[in-house]
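Asks: Below: one structure in structure tokens.
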Amino acid sequence: METVRIPEAHELAADDQKFCEATKAWFRIDFVPKMSRVLLAVPEFGRPYGGASRRAMADGALTRAQKELIAATVSAINVCEY
Amino acid sequence: MAAHTAAGKLQGLTDDQIWYEVAYVAGVTHALNTVADGLRLPLEFSGPSRTPAVRLPDPADSAPEVKAVFDEIMAFYSMDHPPAVFRWMARDAGFLQSYWAATREAFTDRKLPRPMKEILALAASLTAKSDYGVDFHLWQARRLGLSDQGLTEAVEVVQLFNTVTKIADALQLQPDLIPGA
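These protein sequence lines map, in sequence, to chains A and B.
Read left to right, the first sequence gives residues 1293 to 1374 (the numbering used here).
Read left to right, the second sequence gives residues 2 to 182 (the numbering used here).
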């Protein structure tokens, strides 16, 4: 059970709606994931974090797919259900 | 975990065998790090070393069946001595033989190549704050071709996802991105 009320997508700032739509398109889903809404609950945090995340996950010396495997490993070691 | 697996599948990683291999590498790495750091076994490649909490058997005194395993391990890792964590296990030849066999298979080229598995082991070690694991897998990943830029990017991803996993845990987020859903 979440310890906070997570904002609905329509409650997020207008400036962040484009990012929400892009997230839905990327995941091929019809909702905005909780993590995106949590990060953008405080846009002053979520916007730069989102930028850092997009930068980190872009293809580089490691591919996006390889980076997703690293992310999954981090989650496994941290025993993160989400 | 569910979100990253779902995201990975969207990147074309749809074969479950890949995710089995990620899980095996994470599990074996975490187990070996737990023993090595728990017993304060000496780091393999960087100093200053640590004083072990236990006496490590001298490889020179090993029985032939243990020496055979040590030779295989040293060849696998391109090292001139058996890693301390396996020296510890050599107190029981059967344990060493069986766990090394599992470790070797977890890290062998299959759907995922060995260099990628060493990067994942490094990520697991960084996340667990394992001195032994970071020392060992950083050296191995570099040996197998991880560039400076690749290392920077791997650590960047580790840092980013240590952030979101802790945010998810702090707020007890329930998964909403289900792999394959």
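All C-beta atoms in this analysis are idealised placements derived from N, C-alpha and C, irrespective of residue type, glycine included.
1) If you run the structure through DSSP and keep just helix, strand and coil, what is residue 15 of chain B?
2) Which of helix, strand or coil does DSSP assign to residue 31 of chain B?
3) Any residues in the stretch 141-166 of chain B with a beta carbon nearer than 9 angstroms to a beta carbon of chain A? Which ones, in chain order?
4) Is any beta-carbon of chain A found at less than 8 angstroms from that of residue 1 of chain B?
5) Below 8 angstroms, can you find three or more Cβ-Cβ pairs linking the stretch 34-46 of chain B to the stretch 123-139 of chain B?
6) Go ahead and pull the three-state DSSP assignment for residue 1365 of chain A.
7) Report buried or exposed for residue 1310 of chain A, applying the criterion of at least 16 other Cβ atoms within 10 angstroms of its Cβ.
8) Terminal residues of the continuous alpha helix (DSSP H) containing residue 179 of chain B?
9) Taking 8 angstroms as the threshold (beta carbon to beta carbon), is residue 1354 of chain A in contact with chain B?
10) Got a sec: is the Cβ-Cβ distance from residue 1372 of chain A to anything in chain B below 8 angstroms?
11) With distances taken between CB atoms, is the gap from residue 8 of chain B to residue 179 of chain B smaller than 8 angstroms?
12) Which one of A/1340, A/1324, A/1313 has the shortest CA to CA distance from residue 177 of chain B?
13) At a CB distance below 7 angstroms, what residues from the stretch 10-39 of chain B approach chain A? Give them in sequence order.
14) May I ask you to report which of helix, strand or coil DSSP gives residue 1334 of chain A?
15) Look at the alpha carbon of residue 77 of chain B and the alpha carbon of residue 84 of chain B, and state the distance between them as a whole number of angstroms.
16) From residue 162 of chain B to residue 63 of chain B, what does the alpha carbon distance come to, in whole angstroms?
17) Give every residue of the same chain whose Cβ lies closer than 7 angstroms to the Cβ of residue 1367 of chain A, excluding the five residues on either side of it in the sequence, and list them in chain order.
18) Who are the near neighbours of residue 116 of chain B in its chain, counting only those whose CB is closer than 8 angstroms to its CB and skipping five residues on each side?
Replies: Taking the geometry as given:
1) As a working mapping, residue 15 of chain B is identified with position 14 in the second sequence. Coil at residue 15 of chain B, not helix or strand.
2) The residue labelled residue 31 of chain B in the question sits at position 30 within the second sequence. Of the three classes helix, strand and coil, the one that applies to residue 31 of chain B here is helix, per DSSP.
3) Listed by position along the chain: 147, 148, 149, 150, 151, 152, 153, 154, 155, 157, 158, 159, 160, 161, 162, 163, 164, 165, 166.
4) The structure shown does not extend to residue 1 of chain B, since chain B is modelled only from 2 through 182, so no value can be given for it.
5) The stretch 34-46 of chain B is in contact with the stretch 123-139 of chain B.
6) On the first sequence, residue 1365 of chain A is found 73 positions in, with the first residue counted as 1. Correct three-state label for residue 1365 of chain A: helix.
7) On the first sequence, residue 1310 of chain A is found 18 positions in, with the first residue counted as 1. Answer is exposed; the Cβ neighbour count stays below 16.
8) Numbered from its first residue, the second sequence carries residue 179 of chain B at position 178. Looking at the DSSP string, residue 179 of chain B is not in any alpha helix (DSSP H), and its letter there is neither H nor E.
9) Along the first sequence, one-based indexing puts residue 1354 of chain A at 62. Yes, because at least one Cβ of chain B sits closer than 8 angstroms to the Cβ of residue 1354 of chain A.
10) The count along the first sequence starts at 1 and reaches residue 1372 of chain A at position 80. Yes, residue 1372 of chain A lies at the interface with chain B (some Cβ there is under 8 angstroms from its Cβ).
11) As a working mapping, residue 8 of chain B is identified with position 7 in the second sequence. As a working mapping, residue 179 of chain B is identified with position 178 in the second sequence. Result no, Cβ atoms of residue 8 of chain B and residue 179 of chain B do not sit closer than 8 angstroms.
12) In the second sequence, counting from the first residue as 1, residue 177 of chain B sits at position 176. Of the listed residues, the one whose Cα sits closest to residue 177 of chain B is A/1324.
13) Listed in sequence order: 11, 12, 13, 14, 23, 24, 27, 31.
14) Here residue 1334 of chain A is taken as the residue at index 42 of the first sequence, counted from 1. Correct three-state label for residue 1334 of chain A: coil.
15) The residue given as residue 77 of chain B occupies position 76 in the second sequence. The residue given as residue 84 of chain B occupies position 83 in the second sequence. Their backbone Cα atoms lie some 11 angstroms apart in a straight line.
16) The residue given as residue 162 of chain B occupies position 161 in the second sequence. The residue given as residue 63 of chain B occupies position 62 in the second sequence. Cα to Cα, residue 162 of chain B sits roughly 43 angstroms from residue 63 of chain B.
17) Walking along the first sequence from the start, residue 1367 of chain A turns up at place 75. The beta carbon of residue 1367 of chain A is closer than 7 angstroms to none in its chain, skipping five residues each way along the sequence.
18) To locate residue 116 of chain B, count along the second sequence from 1; it is residue 115. Cβ neighbours of residue 116 of chain B within its own chain (closer than 8 angstroms, five residues either side excluded): 142, 145, 146, 147.
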